[in-house]
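K.L.:
Pasting a structure here, questions to come.
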Amino acid sequence: MVKRCAWGLCNTDDRYPERLFGGVKFIPFPKPRRQRDKCLRWIERCGRIPEQLNVNIVDGNKNLYVCSKV
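See below:
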């Protein structure tokens, strides 16, 4: 499964590793069942509209990541 960044307008993914400069890593999004407060903070700080990113979407998606690209 392709890892895609959920942060703001970032469109980084791992389909083409040669395009990832500087050792970009993908950090899995915290799951609301285990770390609800942390998950809600991440959702808020990602800056996406609620229809694109909310607790229900995160809970049902094990392939949701944030990249370490600066």
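Residue numbering for the sequence shown follows the UniProt record's numbering, starting at 1 and increasing by one per position. Note that the Cβ used here is the ideal one computed from N, Cα and C, for glycine as well.
1) In whole angstroms, what is the alpha-carbon distance linking L53 and Y65?
2) Is V66 helix, strand or coil by DSSP?
3) Less than 8 Å between the beta carbons of G26 and D14, yes or no?
4) Please give me, in chain order, every unbroken run of the beta strand (DSSP E) with length at least 3 that falls completely inside the UniProt domain "THAP-type" (1 to 70).
5) Measuring CA to CA, which of I43, V2, N56 is closest to G8?
P.N.:
So, to answer that:
1) Looking up residue 53 in the sequence shown gives position 53. Looking up residue 65 in the sequence shown gives position 65. Rounded to the nearest angstrom, the two C-alpha atoms are 12 Å apart.
2) As a first step, residue 66 must be located in the sequence shown, where it is residue number 66. Residue state, collapsed to three classes: strand.
3) Position 26 of the sequence shown, counting from 1, holds the residue named residue 26. Position 14 of the sequence shown, counting from 1, holds the residue named residue 14. The sequence as given places Phe at residue 26; Gly does not occur at that position. Yes, they are a contact pair.
4) 26 to 28, 64 to 67
5) As a first step, residue 8 must be located in the sequence shown, where it is residue number 8. Among I43, V2, N56, the Cα nearest to that of G8 is on I43.
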